[in-house]
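Number of protein chains: 2
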Amino acid sequence: MPLVVFKPSQKTIDVLPGTELLEAARKGNAEIDSPCGGKGTCCKCIVRVIAGEVDSDSLGLLPKSAIDAGYLLACRTKVKDTPLTIEIPEREEITGGKFVEAADDAFLVHQEFLPKDIKLNPLTKKWHITVPEPQLEDGLSDIDRLTRTIQKEIGDQEIIFPLSIIRKIADTLRVENGKVTITAIHEKDRLTVVGLETGLHTATHHGVAIDIGTTTVAVQLIDLSTSRIISTLTDYNNQLTCGLDVISRINYARKPDRLEELRNHVLKTINNLIKQAVKNQSIKPEGISSAVISGNTTMIHLLLGLKPEYIRFEPYTPTLLAVPYFTAGHVGIEINPEARVQISPAVGSYVGGDITAGLLCTDIANDSEEVNLFLDIGTNGELVVGNRDFLLACACSAGPAFEGGGIKCGMRAAFGAIEGVEVNGETGKACYWTIGNVKPKGICGSGIISLLANLFLTSWIDAAGKLNRERNSLYIQFEGRHAKYIIAPAEESSTGEPITISEIDIENIIRAKAAIYSACSLMLKQVGLNFNDLANIYIAGGFGRFIDLEKAIVIGLLPDMPLEKFKYIGNASLMGTYLVLVSKEYRQRQHEIARRITYMELSTDPSYMEQYTGALFLPHTDVFRFPSLQAKLKK
Amino acid sequence: MPLVVFKPSQKTIDVLPGTELLEAARKGNAEIDSPCGGKGTCCKCIVRVIAGEVDSDSLGLLPKSAIDAGYLLACRTKVKDTPLTIEIPEREEITGGKFVEAADDAFLVHQEFLPKDIKLNPLTKKWHITVPEPQLEDGLSDIDRLTRTIQKEIGDQEIIFPLSIIRKIADTLRVENGKVTITAIHEKDRLTVVGLETGLHTATHHGVAIDIGTTTVAVQLIDLSTSRIISTLTDYNNQLTCGLDVISRINYARKPDRLEELRNHVLKTINNLIKQAVKNQSIKPEGISSAVISGNTTMIHLLLGLKPEYIRFEPYTPTLLAVPYFTAGHVGIEINPEARVQISPAVGSYVGGDITAGLLCTDIANDSEEVNLFLDIGTNGELVVGNRDFLLACACSAGPAFEGGGIKCGMRAAFGAIEGVEVNGETGKACYWTIGNVKPKGICGSGIISLLANLFLTSWIDAAGKLNRERNSLYIQFEGRHAKYIIAPAEESSTGEPITISEIDIENIIRAKAAIYSACSLMLKQVGLNFNDLANIYIAGGFGRFIDLEKAIVIGLLPDMPLEKFKYIGNASLMGTYLVLVSKEYRQRQHEIARRITYMELSTDPSYMEQYTGALFLPHTDVFRFPSLQAKLKK
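Each protein sequence line maps, in turn, to chains A and B. Each residue of the first sequence is one higher than the one before, starting from 0 at the first, in numbering that gives the first Met the number 0. Each residue of the second sequence is one higher than the one before, starting from 0 at the first, in numbering that gives the first Met the number 0.
Structure below.
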């Protein structure tokens with residue numbers, strides 16, 4: 000068996016040829032970070048071969064520069080029949096997730112909910128034509144000849160040339176005897192030319208799908224000639240410095256110049272991600288000819304510099320829901336300034352284009368009688384229920400608890416976050432694990448759900464979320480009327496402070512879960528249905544990814560239903576945005592969905608408060624709603 | 000009779016009450032400049048009342064600031080029954096014509112060729128609507144409500160809102176309970192909103208008509224609610240520093256950055272004129288919602304930043320002839336950035352939109368069998384011949400001689416230019432008069448024609464343009480093989496140098512007139528006509544204004560035809576531009592004309608050189624073409 004030596008730790012292991020390097024490292028106790036568990040999606044298990052030979056297919060997953068420098072992914076690399084020396088690079092603490100080559104490439108394209116047979120028909124088309132030379136006799140101008148050549152192919156339609164393209168026509172037509180590549184957008188009965196190049200360039204044709212979340216912005220670079228996702232990059236929305244949630248951003252925008260400040264913040268985030276994405280591929284930003292953007296209604300207002308104030312107050316009227324076509328130059332996206340920017344249509348002030356994009360990844364609006372529920376859990380929860388006959392949407396404000404906000408030791412699902420907890424029924428001691436298997440720094444949403452469910456199942460908290468004052472535990476501390484639970488003592492934590500959760504934190508979490516559950520429940524009631532009538536529950540959003548469904552049912556965040564009915568569909572907004580960019584069918588379907596959805600304003604519904612109050616318990620005041628949980632508790 | 004005292008000269012005169020001040024000054028030998036001869040158009044006879052009372056109606060002719068400061072036009076002011084003291088301001092030498100409130104207001108509107116009954120239908124419309132308040136129930140966004148309110152009036156058409164307008168919607172709709180004023184452009188089946196204001200503002204609605212000449216730029220501010228011309232301002236095209244004519248500008252533009260320099264030059268000229276025009280009227284530039292621009296093909300290319308190089312070389316192909324609609328922001332015109340800029344369509348590289356605009360002021364394309372000729376004489380001569388059945392256009396390069404270019408003592412028709420000359424048949428001495436009745440500084444186009452005709456009629460030059468070497472005159476000097484004629488000796492001239500014309504100058508002038516005459520002649524020949532078949536000859540362009548028709552026939556610049564057939568129509572391009580701005584009928588007619596005209600490329604026509612050579616004599620080698628002149632010469 001070949002010997003593998005890991006540097007700098009000098010740990011060694013004998014493994015069979017064909018063993019994955021990641022497995023070899025594990026067996027040899029050489030630490031390699033692998034948050035995705037070796038699926039080839041997180042790109043964190045980077046190693047370098049110092050001596051020996053390997054079989055690797057990291058190509059396309061790592062930036063070319065990294066591969067050129069000899070780096071590989073341990074999870075995609077196999078040991079051969081010869082001794083090996085492997086260097087594990089020192090880990091740099093990743094705090095922000097800046098320019099992470101996102102985990103989701105494979106996930107997004109291979110994902111079961113992404114349609115199998117997308118008919119490629121991207122927003123912009125690129126093709127090659129030959130324009131006849133100018134003739135004295137015909138008196139045609141350059142633009143006339145170009146127009147006629149295009150019309151010969153597409154029929155007698157209006158051809159629109161922006162001024163910046165017109166400025167290039169004279170020279171471009173004269174370089175290679177009229178051989179040029181046109182990039183254009185076709186809609187209704189007109190064609191708008193957005194690119195004009197000398198010669199044949201149809202092989203390089205790019206677009207971007209952009210998802211603007213209140214917290215995270217994702218940019219996906221797409222090869223429009225094949226519909227291949229080249230890369231997905233994510234970063235925090237720079238607007239975070241101006242408020243964590245939609246409402247605080249709206250408040251922030253009320254003072255003069257701040258609307259422009261917010262606009263610049265999100266543009267900076269987007270443009271940096273685009274810059275990074277194209278740099279990795281040696282493409283120029285100007286080569287990107289179209290962008291589709293999805294985001295909630297407030298995010299889109301801020302992106303366009305539209306005053307969001309009126310979204311906040313009754314009658315909650317936004318400036319716009321459907322967004323006209325703009326150029327990238329108008330919006331401020333730094334790609335080809337003439338590139339078309341299409342923005343996913345919103346349904347209401349609190350059900351935005353991220354939802355109409357996300358729904359494209361589900362069967363909810365397809366030709367079926369089955370009723371499905373779509374659930375995007377975030378600071379704002381957005382819910383859609385429907386089938387081929389009806390679509391009903393509403394939004395609720397869950398608050399930032401599931402993203403770690405408003406929780407003393409809460410944090411986002413980043414390195415060092417506790418993502419799972421088991422609680423010892425006897426001692427109350429927590430056994431936890433963190434993202435990246437490093438010392439804990441805080442607790443993220445999935446950790447919080449896991450913790451609460453376990454504390455409840457082991458009776459360390461009651462249905463009202465109060466810590467048990469009758470049983471003794473080293474891990475429960477009292478301060479006056481309040482108590483807190485110690486998840487990790489100071490000596491285990493990377494911050495030197497204990498990681499705790501207080502009863503006030505628990506109240507916040509219960510309010511968040513109650514908001515979502517009661518909204519679902521009320522919306523179903525409106526159409527005379529209940530949870531048992533649902534065929535599927537699609538869960539979207541970054542938060543849903545690490546959620547333990549059983550635990551989420553225990554705390555009453557999700558309804559008590561067979562687990563196979565829950566389908567996690569990831570960043571559905573980004574996936575849907577991608578579909579809109581590459582497929583005309585999905586562009587049409589999205590507009591159809593936006594048109595069909597009935598928006599229900601929960602905050603003015605008198606029975607919402609009743610539903611909400613009923614849900615302010617673990618799992619619910621009405622325990623019969625959670626029969627399988629009851630069975631479990633009885634056991 | 001009241002006594003009038005003129006200051007600072009202290010000249011006095013007794014005149015009858017009711018006498019015009021200008022007349023009083025003439026009688027009293029007090030010099031007041033009045034190039035227009037008291038028609039109230041040149042605005043040069045400015046005076047100020049120091050003591051006493053007058054009847055004056057200078058209002059609307061002088062800037063408000065001048066009237067507030069007590070200035071009046073002497074030609075529009077009458078003496079009353081009391082003694083008067085009048086100050087004649089010291090004349091400042093006017094060299095550039097900077098920001099002259101142009102003479103042509105009255106001229107342009109009262110002019111006999113301006114259509115009598117224009118149906119007012121300006122490019123942009125402004126009207127008042129009331130948008131219903133937002134409702135929780137209907138789920139409509141601001142833009143939805145605004146769109147529906149507009150569509151209720153104009154029908155179910157596409158309504159387009161630019162981003163800058165969308166940004167204003169939320170606040171604007173909420174100030175006066177939804178009462179707003181819309182400014183919009185209606186075309187085909189869509190309406191583009193370019194202005195949105197709170198409240199009722201339909202009374203202020205402005206547009207600009209812009210004529211870009213190679214030498215002079217004219218800007219006319221129009222009240223679109225009445226179609227009234229508020230003011231006309233002219234200035235030299237700032238591009239003059241980069242070359243006097245079209246060809247030198249094209250050459251100048253060949254080096255990097257210079258195209259942008261030329262673009263900035265003309266924009267500066269236009270924007271300064273607009274700024275001055277609105278300042279005089281206390282209007283904001285952003286209140287101007289549409290602009291129509293006419294200019295020759297090269298001027299439009301330079302305005303739009305389009306490479307003009309290919310216009311110059313065979314097959315003389317411009318980037319464009321018909322110009323798409325752009326916004327003022329795109330073009331760089333500093334008015335409402337969303338304002339529509341419509342550019343008059345061109346016919347060929349050397350027959351531009353100034354001609355399709357100018358033709359609107361003639362009967363040439365109207366429903367008549369009569370064949371008419373349109374002649375725009377400038378550095379480039381543009382000619383159109385036609386009737387309801389055909390329209391043929393061509394261009395010829397006359398060179399700058401008629402604008403004083405390439406002539407040693409030549410100058411433009413400005414103060415101090417000799418504009419008319421009589422030559423004594425016995426002595427050869429010239430009797431001349433100048434614009435402004437000041438000491439001569441040079442000779443302008445009309446002076447040159449007058450001089451040449453008189454020298455020819457008095458036999459001081461022969462048909463080839465050579466000065467008579469057989470008769471003695473103090474005013475003819477020889478230098479080697481060449482001779483020159485002294486129009487004004489050094490002591491009479493304001494420059495201290497004699498004002499002369501040499502045989503080389505005369506050759507230049509003959510070449511210029513031959514180019515125009517032969518082009519007219521060849522074009523008529525192409526359609527089987529000759530000059531006698533013409534019903535009217537319309538002469539356009541600044542140069543034509545001061546031309547002495549009889550003299551122009553003597554030198555063979557114009558054909559020998561009854562004088563009443565010649566119609567001077569002034570700055571027809573500017574007038575036509577105005578018509579396009581205010582009338583839909585004229586917008587359609589202009590495009591119809593542009594479509595109908597057949598462009599004839601003279602420079603490649605083999606018989607042009609023959610025609611041209613025949614015209615290189617005074618008046619022509621074929622004297623039978625000038626029968627009335629022959630009769631005059633025989634007398």
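All C-beta atoms in this analysis are idealised placements derived from N, C-alpha and C, irrespective of residue type, glycine included.
(request) Step through the CB atoms of chain A and report whether any lies within less than 9 angstroms of the CB of I128(B). (result) In the second sequence, counting from the first residue as 1, residue 128(B) sits at position 129. The beta-carbon of I128(B) is placed no less than 9 angstroms from the nearest beta-carbon of chain A.
(message) Under DSSP, the beta strand (DSSP E) around K254(A) begins and ends at which residues?
(response) The sequence position of residue 254(A) within the first sequence is 255, counting from 1. Careful: K254(A) lies outside any beta strand (DSSP E) and carries neither H nor E.
(message) Output needed for L523(B): all residues of its chain with C-beta closer than 7 angstroms, excluding positions within five of it in sequence on either side, in chain order.
(response) Counting from one through the second sequence, the residue named residue 523(B) turns up at place 524. The residues are V384, N529, F530.
(message) Helix, strand or coil for C519(B)? Go by DSSP, reduced to three states.
(response) As a position in the second sequence, residue 519(B) is number 520, starting the count at 1. Helix at C519(B).
(message) Just checking: is the beta-carbon of T355(A) within a distance shorter than 9 angstroms of some beta-carbon in chain B?
(response) What you label residue 355(A) is simply residue 356 of the first sequence in a count that begins at 1. At a cut-off of 9 angstroms, the C-beta of T355(A) has no neighbouring C-beta in chain B.
(message) I need the boundaries of the beta strand (DSSP E) containing F5(B), first residue and last residue.
(response) Indexing the second sequence from 1 puts residue 5(B) at position 6. Looking at the DSSP string, the run of the beta strand (DSSP E) that includes F5(B) is 2-6.
(request) With DSSP collapsed to three states, give me the class of M145(B). (result) For this step, residue 145(B) is matched to residue 146 along the second sequence. The question names Met, yet the displayed sequence has Leu at residue 145(B). When secondary structure is reduced to three states using DSSP, L145(B) falls in the helix class.
(request) Give the residues from the stretch 129-140 of chain B that approach chain A closer than 7 angstroms (Cβ to any Cβ), ordered along the chain. (result) Correct list: P133, Q134, L135, G138, S140.
(request) Can you tell me which of the three DSSP states S281(B) falls into? (result) Residue numbering aside, residue 281(B) sits at position 282 when the second sequence is read from its first letter. Coil, per DSSP.
(request) If I'm right that I505(A) touches G446(A) with Cβ under 8 angstroms, what's the distance once you round it to whole angstroms? (result) As a position in the first sequence, residue 505(A) is number 506, starting the count at 1. As a position in the first sequence, residue 446(A) is number 447, starting the count at 1. Between G446(A) and I505(A) the Cβ distance is about 13 angstroms, and since that is not below 8 angstroms, they are no contact.
(message) Do I211(A) and I299(A) have their beta-carbon atoms positioned less than 9 angstroms apart in this structure?
(response) To locate residue 299(A), count along the first sequence from 1; it is residue 300. To locate residue 211(A), count along the first sequence from 1; it is residue 212. Taking 9 angstroms as the cut-off, the Cβ atoms of I299(A) and I211(A) count as close.
(request) Alpha carbon to alpha carbon, how far is E490(A) from Q525(A)? Give it in angstroms, no decimals. (result) In the first sequence, the residue the question calls residue 525(A) occupies position 526. In the first sequence, the residue the question calls residue 490(A) occupies position 491. Their Cα atoms are separated by approximately 52 angstroms.
(message) Short of 6 angstroms in beta carbon distance, which residues of its chain neighbour I568(B), apart from the five on each side in sequence? Order them along the chain.
(response) By 1-based counting over the second sequence, the position of residue 568(B) is 569. If we look at I568(B) and ignore the five residues flanking it on each side, its Cβ neighbours are F112, C360, Y537, A539.
(request) Verify the contact flag: N295(B), CB atom, against every heavy atom of the ligand FAD, threshold strictly below 8 angstroms. (result) The ligand FAD is not part of the structure shown, which contains no ligands of any sort.
(message) Quick check: the stretch 450-465 of chain B against the stretch 557-566 of chain B, are at least 3 beta-carbon pairs closer than 8 angstroms?
(response) No, the stretch 557-566 of chain B does not touch the stretch 450-465 of chain B.
(message) Any beta carbon from chain A within less than 9 angstroms of D170(B)'s own beta carbon?
(response) In the second sequence, counting from the first residue as 1, residue 170(B) sits at position 171. A Cβ of chain A is located within less than 9 angstroms of the beta carbon of D170(B).
(message) At a CB distance below 9 angstroms, what residues from the stretch 404-420 of chain A approach chain B? Give them in sequence order.
(response) Those residues of the stretch 404-420 of chain A that come within reach of chain B (Cβ to Cβ, closer than 9 angstroms) do not exist; the list is empty.
(request) Determine whether the Cβ of V330(A) lies closer than 9 angstroms to any Cβ atom of chain B. (result) Position 331 of the first sequence, counting from 1, holds the residue named residue 330(A). In terms of beta-carbon proximity, V330(A) lines the interface with chain B, with at least one pair separated by less than 9 angstroms.
(request) Since I believe V193(A) is in contact with A183(A) (beta carbons under 8 angstroms), could you give me their beta-carbon distance rounded to a whole number of angstroms? (result) Counting from one through the first sequence, the residue named residue 183(A) turns up at place 184. Counting from one through the first sequence, the residue named residue 193(A) turns up at place 194. Contact flag correct, Cβ pair sits at about 6 angstroms.
(request) Measure the beta-carbon distance from P161(B) to E337(B) and round it to whole angstroms, keeping in mind my assumption that it falls under 8 angstroms. (result) Locating residue 161(B) in the second sequence gives position 162, where the first residue counts as 1. Locating residue 337(B) in the second sequence gives position 338, where the first residue counts as 1. So it is a contact: roughly 5 angstroms between Cβ atoms.
(request) Drop a sphere of 10 angstroms on the beta-carbon of K238(A), count the other beta-carbons inside from all chains shown, and report buried for 16 or more, exposed for fewer. (result) Translated into the one-based positions of the first sequence, residue 238(A) becomes position 239. Here the sequence assigns Gln to residue 238(A), which means Lys is not the residue at that position. Around the CB of Q238(A), 16 or more other CB atoms lie within 10 Å, so the residue is classed as buried.
(request) Select from the stretch 464-481 of chain B all residues with a C-beta closer than 7 angstroms to any C-beta belonging to chain A, and list them in chain order. (result) So the list is empty, because no residue satisfies the distance condition.
(request) Run the CB neighbour count on F106(B), radius 10 Å, all protein chains shown included, and call it buried at 16 or more, exposed below. (result) As a position in the second sequence, residue 106(B) is number 107, starting the count at 1. Residue placement at F106(B) is poorly supported in this model, since its pLDDT is 36, which falls under 50; the coordinates still yield a value, given next. Classification for F106(B): buried.
(request) Could you spell out the range, first to last residue, of the beta strand (DSSP E) harbouring K483(A)? (result) Within the first sequence, the letter at position 484 stands for residue 483(A). Counting along the chain, the beta strand (DSSP E) containing K483(A) begins and ends at 481-487.
(request) Report the residues of the stretch 590-609 of chain B with a CB closer than 9 angstroms to any CB of chain A, ordered along the chain. (result) Those residues of the stretch 590-609 of chain B that come within reach of chain A (Cβ to Cβ, closer than 9 angstroms) are T597, Y598, E600, T603.
(request) Tell me, please, whether the CB atom of I165(A) is closer than 9 angstroms to any CB atom in chain B? (result) In the first sequence, the residue the question calls residue 165(A) occupies position 166. Yes, contact with chain B.
(message) Which residue wins for smallest C-alpha separation from A276(B), given the options I228(B), N371(B), R339(B)?
(response) Mapped onto the second sequence, residue 276(B) falls at position 277. When only C-alpha atoms are compared, the closest one is I228(B).
(request) Starting from the C-beta of D547(B), find all residues in its chain whose C-beta is less than 6 angstroms away, skip the five residues before and the five after it, and write them out in chain order. (result) Here residue 547(B) refers to the residue found at position 548 when the second sequence is read from its first residue. If we look at D547(B) and ignore the five residues flanking it on each side, its Cβ neighbours are S449.
(request) Thinking G444(B) and F401(B) are a contact (beta carbons under 8 angstroms), I'd like their distance in whole angstroms, please. (result) For the purposes of this step, residue 444(B) is identified with residue 445 of the second sequence, where counting begins at 1. For the purposes of this step, residue 401(B) is identified with residue 402 of the second sequence, where counting begins at 1. Yes, they are in contact, since the Cβ atoms of G444(B) and F401(B) sit about 4 angstroms apart, within 8 angstroms.
(request) Answer with buried or exposed for A513(B), where buried requires no fewer than 16 other C-beta atoms within 10 angstroms of its C-beta. (result) Walking along the second sequence from the start, residue 513(B) turns up at place 514. With 16 or more Cβ atoms within 10 Å of its Cβ, A513(B) is classed as buried.
(message) I need the boundaries of the alpha helix (DSSP H) containing R571(A), first residue and last residue.
(response) Taking the first sequence and counting its residues from 1, one reaches residue 571(A) at position 572. Reading the sequence as shown, one finds Ala at residue 571(A) and not Arg. Residue range 571-581 is occupied by the alpha helix (DSSP H) that includes A571(A).
(request) Identify which residue in T191(A), K306(A), G328(A), A518(A) has its Cα closest to the Cα of M608(A). (result) Within the first sequence, the letter at position 609 stands for residue 608(A). The candidate whose alpha carbon is nearest that of M608(A) is A518(A).
(message) Among R173(A), I158(A), G198(A), whose alpha-carbon lies nearest the alpha-carbon of K187(A)?
(response) Numbered from its first residue, the first sequence carries residue 187(A) at position 188. Nearest of R173(A), I158(A), G198(A) to K187(A), Cα basis: I158(A).
(request) Please compile the residues from chain B whose C-beta is within a distance smaller than 7 angstroms of the C-beta of E313(A). (result) Along the first sequence, read from residue 1 onward, the residue named residue 313(A) stands at position 314. Result: L135.
(request) Please name the residue or residues paired with K178(A) in a DSSP beta bridge. (result) Taking the first sequence and counting its residues from 1, one reaches residue 178(A) at position 179. Beta-bridge analysis with DSSP links K178(A) to T129(A).
(message) In whole angstroms, give me the CA-to-CA distance for N120(B) and R166(B).
(response) As a working note, residue 120(B) is residue 121 in the second sequence. As a working note, residue 166(B) is residue 167 in the second sequence. Answer to the nearest angstrom: the Cα atoms are 29 angstroms apart.
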